[in-house]
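Data block below; observations after.
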Ligand code: NAI
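Residue numbers (UniProt numbering): 1 to 246.
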């Protein structure tokens, strides 16, 4: 098993890519802490994993709240003794074209997708430095490489996530901490299921495989990057997008 006895903290783990990543990591032997804003869903997802015989628990956390984040990381450290892998998966969209985007829409997306990743990583990196190892994985997007119509705020955060990934890889390598991003293409999850059929078909056609991705495709990439098989990989953005960006 690739993640035997590892302790993995996954934000936004209640559903979608985060939940699929939790299941993949658990199936490879990791103990999972799911941290999500949605308390009911996160407990439900953790219960479903436990019913399959996996080690998992859910904690209600808002990644934009420094007190919440510090309590989360301290709690995991005292309950499990270490944090081997952090997946900064929590993310939101609030789309509008530049000329119509409100300041509130801008602030909401920046808060979760950028500040949230910063706060959780800063707290977890302290723990990883002390234990002299760790892996931080960030949810990016193909939109963080080529922009997207109607996604000024979201694109800014995903370009930003790639910048933080490379910066932290440079800063934290000396502590044996690896940092990478995964850039999914268009993946069918509750976030994208709300999009009109026409848009989903357009997304499909952008892939040279003429397909949309599944949460498991992204979970597999996170699992590889979290495992010792990726011991020499840091500071990268791994595209998992069916050939949308190349
Ligand atoms: P989703 O919307 O299905 O799930 C996101 C989870 O994050 C939800 O459970 C939500 O409650 C949680 N969350 C939101 N705000 C939070 C906060 N402040 N604190 C804690 N948890 C919070 O999203 P999906 O589609 O699974 O995406 C996961 C990540 O992958 C996101 O960062 C997204 O930007 C990225 N991504 C997704 C793509 C897709 O096609 N679905 C494509 C590229 C990137």
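C-beta atoms are modelled at their ideal positions from N, C-alpha and C, and glycine is treated no differently.
{"Check": "Taking 8 Å as the cut-off, decide whether the C-beta atoms of residue 136 and residue 179 are in contact.", "Outcome": "yes"}
{"Check": "Under the assumption that residue 287 contacts residue 109 (Cβ atoms under 8 Å), give the Cβ distance between them as a whole number of angstroms.", "Outcome": "Because the chain is modelled from 1 through 246, residue 287 falls outside the range shown and cannot be assessed."}
{"Check": "Rounded to whole angstroms, what's the CA-CA distance from residue 33 to residue 26? Just pull it up for me.", "Outcome": "10 Å"}
{"Check": "Give me the residue from 23, 111 and 38 with the minimum Cα distance to residue 53.", "Outcome": "23"}
{"Check": "Among the residues of its own chain, which have a CB less than 8 Å from the CB of residue 150, if the five just before and after it don't count?", "Outcome": "95, 96 and 97"}
{"Check": "So, with DSSP's three-state summary, where would you put residue 110?", "Outcome": "helix"}
{"Check": "I need the DSSP call for residue 184, collapsed to helix, strand or coil.", "Outcome": "strand"}
{"Check": "What separation, rounded to the nearest whole angstrom, lies between the Cα atoms of residue 189 and residue 57?", "Outcome": "22 Å"}
{"Check": "Please name the residue in 166, 222, 162 and 142 whose C-alpha comes closest to that of residue 241.", "Outcome": "142"}
{"Check": "Return yes when at least one heavy atom of the ligand NAI lies under 7 Å from the C-beta of residue 164, else no.", "Outcome": "no"}
{"Check": "Nearer than 7 Å: is that true of the beta carbon of residue 63 relative to any heavy atom of the ligand NAI?", "Outcome": "yes"}
{"Check": "With DSSP run on the structure shown, which of helix, strand or coil describes residue 151?", "Outcome": "strand"}
{"Check": "Cβ-heavy atom distance between residue 89 and the ligand NAI below 7 Å?", "Outcome": "yes"}
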